[in-house]
Amino acid sequence: MIIGGGLAGCTVAKELSAAGIESCIVETGASIGGKVRGYGCKSDTKCNNCGLCAVGTLWRDVEGDMRVKKLCNARVIDISDAGGVFCVLIQSDGGKIEERFTDIVVATGFEYPAETAGAGYDASEFPRVFTGHALEKLMKDRGADSIFPEAPKSVAFLMCYGSRNLKERAPYCSRVCCAYSTRAAKVIKHYYPDAEVIAFYMDLQAVNPGNYAAELEGRGIRLERCRPADISFDGGRPVIAYEDAEGRKTKSFDYLFLNTGIHPDIPGNTALADITGLRVRSDGFLAYVKPPEKTGVYLAGCAASPMTIVETMASARNAAVALINNAAGGRVR
Amino acid sequence: MKVIVVGKSKYRDAFQSALRDAELEPVAVETAAGLKNLPEELPVVLLYDANLSPLIMEEGAAEKAVSVLKPQDAVVFLMDRDEDANPHIEYRVLETASRLASAKRRVTVLLRSCRAPDERFDDLYRIARQKGVTFIRYESLDITENEGIYTVVARDGKLSVSIDTPLLVDCGEKPSWELQEFSDALRLRTYDGGRISGNRWFLNQGATFKRNVRLVDTAALSGDIQRIMPALVKDILALEKPAQEKTAFVDAEKCAFCYTCFRVCPHSALGPDHGAAAMKVNDLLCEACGICVAICPASAIEFKAASPAALGDKPADAASGEPAGAASGDKPTDDTLGNKPAGAAAEDRRRTAEVPKETAGGKLKIFCCENSAFIIAKEALAGTDVKVESVPCGKDIEIEPVPCGGDTDIEPAPCGVNIDIEPVPCGGAVNAAMMANALRSHDRVMVAVCCEDACRHRDGNKRCIKQVERLKSRLDSLGYDSGRLSYVRTGVTMVEIFKEAALKALAGGEMK
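Quick note, the sequences are listed as chains A and B, same order.
Reading the first sequence from the start, the letters are residues 1 to 333 in the working numbering.
Reading the second sequence from the start, the letters are residues 334 to 845 in the working numbering.
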């Protein structure tokens, strides 16, 4: 059984299917694909290495795969050990069902942080403010020569939004926000070369090898190292108050992007940890207690830690290979 | 079997008798003009002596030259000046330098790199150093001459050394004009200054670029003809009996030009044929091991029995290449071709005659890269009646026509319009011939490839766009509407961009 039909879950299912192992995806959403299915390629004329091409035909392959059973709108209620196999109680559309599985892959992924974060920014009410997944949707639906309905003059990116923040219980770096936001900034700069693009950052991950900050500056993206003090709204337009070397400044922008990070689904993970024998780390992500070869419970993807698309696929394949080897060799519990 | 032996070498008679021993009939040719009267397909053995400084080639010549110098004068051997020296030149230089050094002369050897092709050379370098030869590695050189004294300044990027010498021996190979004449008559490819290849230690098949010509550097052989005779005779006999072996054969239409076979072939039998935008098998090097056949991502390589007839056809097929045909510029006289490109060799026209009209009919044909555009084609074109062509790789997508309407600014395509989608393994697999053929049966043709730098093969997208632009310029120069051909770069999620491009192409707009 694979809990979660996102990128990690589907990758595991595809690998298992290729090895001739039948699997069942239990997905809470209406269809498989999870969050990555809503992501958009972030190349301008050149590829920006976002890794989405690697996903390729995965969704179609898994949807058409007879070896993979898909239970959508379903969630796992309980797992019990029934003498070497797991007896799983699943709540689905048609009521509760009980199934038996030899192994369990936990690929529940991550959650977006609450829309209202500590500093008082509220994205949902403001059409000119985009959070991470709204940005992905923009990237996905962009046309050949426009992203926004009207050409923006100034765009701000606010990085590390909701992460590295003890109030949000995210004292870590999500590792992907720098990547996706700067890529998106490149795309916006490509579509609207005249627009002023400013990224407020705390520190910048090296997304590409070499001096990434210089690369961005070279493309006309301004990097401001500061955490804005306040965000207010003037007729729908976001106004950011920030400080730089010259002192306090206030600037109004056409669009504001809040670069949300990867957050663990803490209640979900806690419940899952109880029934699978995994543990919840202090940051809310899941971790192994015993090696998966002994317990038959495998972890894949962002349920374990923040990961990029490529890393997620790698971790999912890793779990799948361990599972396949184990199935071939016979598990010793 | 007749064999033409070309070239003025002192070993020519020895070669002829060795060939006679192998039951071949050698025919000696003295001049390039003599080649004209002989059939072109006969095997040719081209003998030549490398044209080197006599000081390193002749016994005693160096001693004689040195004897007129003062005892303190340095002797400088200059290697690798124009191109890296061949092992036999290196061998001669090391030997001569050691000899002079043991006669208590100051000897310096300037070189770009110390090579040791076999163990012999390790010993030679060691002996030369023990005798007192100085080796200086350089990256750039300046040579000035003043009253018979040469001043050589050698630099290696950090340091520079200046040496004055009355005797500077340039050990480079001078191109011989005779060799140039023979190369012209045999239509061999040569480098600047008449050099045929950088490495002619002895017999080198790859160096000739022509299947029935063998180059033999007799200076390098030093008269030891029997050493290469078995290989030479085997090659010549292989030319006569090609039908014995099967070889790999690349289907130029399927080939994605991804260089996978080039990388894996252990015999270096596959090489790019840029004219046809496809890989090409060198029959003589192919050992029919089957690695490329198994690994080719486009399934474009198959085994083919190398029958004499096939051998006759094959080079012609690959060499003429369809794009070259498209450029030939003979306008179609046939009215049924209508406003179609003159893509246009007789071969092409025959193919059109075979394909009757009923397969034609779609308005727009899109070649989609399987790695990007093909994935989103279904989603993007929901709203048009799409007819999907069955394709050789057996991958089919089914697209149900759905009612028109969408929220895009561009008018949705009217229902009933056929868009044919043909997946290709890589953008690089689309060649000018495919596009020209598609233009016969479709009003418009579009190619959808991956974004720049995102190709999973090797720059297939760039090559494809180059092909499109080349074909467009040719259509322009022939007076046809090049706007019927367009391309778009897409990623796996750029549904809107793909849709806009397709609808624009359908409406006849130009793409960026």
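We put the beta carbon where it would ideally sit given N, CA and C, even for glycine.
Predicted model only: the values in this text are computed from it and were never measured.
Where residue i meets chain A, residues with beta-carbon distance less than 7 Å
i	result
valine 825 of chain B	Cys41, Leu52, Cys53, Val55, Gly56
alanine 781 of chain B	None at all; the shortest Cβ gap to chain A is about 12 Å.
Rounded separation between residue i and residue j - CA only
i	j	result
leucine 670 of chain B	histidine 775 of chain B	At leucine 670 of chain B the pLDDT is 38, less than 50, meaning the model places this residue with poor confidence; the figure from the coordinates comes in the next sentence. Each residue's Cα considered, the two are about 12 Å apart.
tryptophan 59 of chain A	aspartate 417 of chain B	55 Å
glutamate 514 of chain B	isoleucine 337 of chain B	16 Å
glycine 393 of chain B	threonine 429 of chain B	9 Å
glutamate 363 of chain B	alanine 434 of chain B	41 Å
aspartate 93 of chain A	glycine 218 of chain A	53 Å
alanine 781 of chain B	arginine 796 of chain B	13 Å
proline 293 of chain A	alanine 322 of chain A	It should be noted that the sequence gives glutamate, not proline, for residue 293 of chain A. Spanning the two alpha carbons is a distance of roughly 7 Å.
cysteine 701 of chain B	cysteine 759 of chain B	8 Å
glutamate 196 of chain A	glycine 6 of chain A	35 Å
lysine 69 of chain A	aspartate 81 of chain A	22 Å
serine 555 of chain B	methionine 562 of chain B	14 Å
alanine 229 of chain A	alanine 589 of chain B	55 Å
aspartate 451 of chain B	lysine 437 of chain B	28 Å
glutamine 349 of chain B	arginine 439 of chain B	44 Å
leucine 457 of chain B	glutamate 391 of chain B	19 Å
isoleucine 346 of chain A	aspartate 616 of chain B	Residue 346 of chain A lies beyond the range of chain A shown here (1 to 333); nothing can be said about it.
Residue i at chain B interface by Cβ criterion, 8 Å
i	result
aspartate 65 of chain A	no
aspartate 141 of chain A	yes
cysteine 178 of chain A	no
arginine 249 of chain A	Note on identity: in this sequence residue 249 of chain A is lysine, with arginine being the wrong assignment. Output row for lysine 249 of chain A: interface = no.
cysteine 47 of chain A	yes
alanine 184 of chain A	no
alanine 144 of chain A	yes
Residue j beta carbon less than 8 Å from that of residue i
i	j	result
glutamate 755 of chain B	lysine 698 of chain B	yes
valine 614 of chain B	phenylalanine 636 of chain B	no
aspartate 786 of chain B	cysteine 47 of chain A	yes
aspartate 413 of chain B	arginine 445 of chain B	yes
leucine 385 of chain B	arginine 345 of chain B	no
isoleucine 709 of chain B	threonine 826 of chain B	yes
glutamate 829 of chain B	arginine 142 of chain A	yes
asparagine 49 of chain A	cysteine 177 of chain A	no
methionine 768 of chain B	leucine 714 of chain B	no
tyrosine 298 of chain A	valine 105 of chain A	yes
leucine 519 of chain B	proline 376 of chain B	no
alanine 206 of chain A	isoleucine 221 of chain A	no
glycine 490 of chain B	glutamate 478 of chain B	no
serine 335 of chain A	methionine 159 of chain A	No answer is possible for residue 335 of chain A: it lies beyond the span of chain A, which begins at 1 and ends at 333.
Cβ neighbours of residue i in the same chain (closer than 8 Å, five flanking residues each side left out)
i	result
lysine 96 of chain A	Ile77, Leu89, Ile90
valine 401 of chain B	none
lysine 140 of chain A	Gly38, Tyr39, Gly40, Cys41
asparagine 73 of chain A	Glu27, Thr28, Gly29, Ala30, Ser92, Asp93
Cutoff 8 Å: residue i Cβ touching any chain A Cβ
i	result
cysteine 625 of chain B	no
isoleucine 830 of chain B	yes
isoleucine 708 of chain B	yes
arginine 777 of chain B	no
Chain A contact residues for residue i, given Cβ-Cβ distances below 8 Å
i	result
glutamate 785 of chain B	Ser43, Thr45, Lys46, Cys47
serine 819 of chain B	Within 8 Å Cβ-Cβ: nothing; serine 819 of chain B doesn't reach chain A, min ~12 Å.
Proximal residues to residue i (C-beta, below 6 Å), its chain only, five neighbours per side dropped
i	result
isoleucine 324 of chain A	Ala19
isoleucine 266 of chain A	Gly284
alanine 342 of chain A	What is shown of chain A runs 1 to 333, which leaves residue 342 of chain A out entirely.
methionine 779 of chain B	Ile699, Ser819, Ala838
alanine 365 of chain B	Glu514, Phe515, Ala518
valine 502 of chain B	Ser386, Leu388, Phe410
leucine 71 of chain A	Val26, Ser92
lysine 251 of chain A	Ile240
Chain A residues whose Cβ lies nearer than 9 Å to that of residue i
i	result
alanine 834 of chain B	Ala144
arginine 822 of chain B	Ser43, Thr45
serine 705 of chain B	Cys41, Cys53, Gly56
Chain-order list of residues whose beta-carbon lies under 7 Å from that of residue i (same chain, five-residue window excluded)
i	result
valine 466 of chain B	Ala430, Ser431, Ala434, Val440, Val442
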